Amino acid sequence: MRERRVAETAQSLRAEARRLTAEQGFSGFTIEELCEHVGVSRRTFFNYYASKENAVLGIAVRTDTVELDEAFVAGTGHLLDDLAELLLARWDLFAPTRAEGAELGRVFDREPRLFAHFVALAAESERDDTALALRRPDCAGDALRAATAVHLLGALLRPTVAQYFADGDTDIHGLLRQRLTVARDLLSS
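The numbering of the sequence shown is my numbering, which starts it at 65 and goes up by one.
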């Protein structure tokens, strides 16, 4: 019951932050006004999101991926397969809908600086994932190998997400795995 209420509050804050941004622009409302629309306190807001930007993007404070990250580090499979599974497991935590993707598109059109913030967060995530990969035995401190794996999967994931939102394909797991198979074929020939 509590988990459902927490998820509903996070979703309400995220949806209202996006609606207000699309309608009024990012600087057209305050956190206090957002909280008033949702019916929560400012203090409650910061239990869910670290900033107004993160509320709009849907990046929650309490997203715990430690178990996923450690499973990746301990992985005994192929580096690229294990990294793909990590990225897909993280995707599943957020499970954005197509409606949310369209909503974010409208927000990015209205506020390009939020897209820049999103890109900066993605770059930070790539650095973090490279550090995780460096902890794996199959990278053995090889920074170039770790970074290349992370960048390759990122390059495959971006068009996969775009296809997921554009085509209505519901199997993002299959889409990413297909692209990884094609990439392996291209790189091996």
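All C-beta atoms, glycine included, are put in the ideal place defined by N, C-alpha and C.
This one's a predicted model, so the numbers in the text were calculated from it and none came from an experiment.
The alpha-carbon of Ala71 is positioned some 13 Å away from that of Thr108. Here Thr234 is exposed. Its C-beta has fewer than 16 other C-beta atoms within 10 Å. For secondary structure counted as the beta strand (DSSP E) over 3 or more consecutive residues, the segment 68-98 holds no complete run. Here His142 carries a coil assignment [DSSP, helix/strand/coil].
Separation of the CB atoms of Ala213 and Leu144 is rounded to 6 Å, and the pair is thereby assigned contact status at 8 Å. Judged by DSSP in its simplified three-state form, Asp192 adopts helix. For Tyr228, the enclosing alpha helix (DSSP H) stretches over residues Ala207 to Asp231.
Val130 and Ala159 have their C-alpha atoms spaced approximately 18 Å apart.
In the three-state reduction of the DSSP assignment, Tyr112 falls in the helix class. For Ala163, the enclosing alpha helix (DSSP H) begins and ends at Arg162 to Arg174.
In the DSSP assignment, Ser252 falls within the unbroken alpha helix (DSSP H) covering Ile236 to Ser252.
Between Glu96 and the set Ala81, Gly89, Ala86 and Glu87, the nearest pair of CA atoms involves Ala81. Arg248 is the residue among Arg248, Tyr228, Asp231 and Ala204 whose C-alpha sits nearest the C-alpha of Leu217. Between the beta-carbon of Ile123 and that of Leu185 there is about 7 Å, and that keeps the pair under the 8 Å contact cut.
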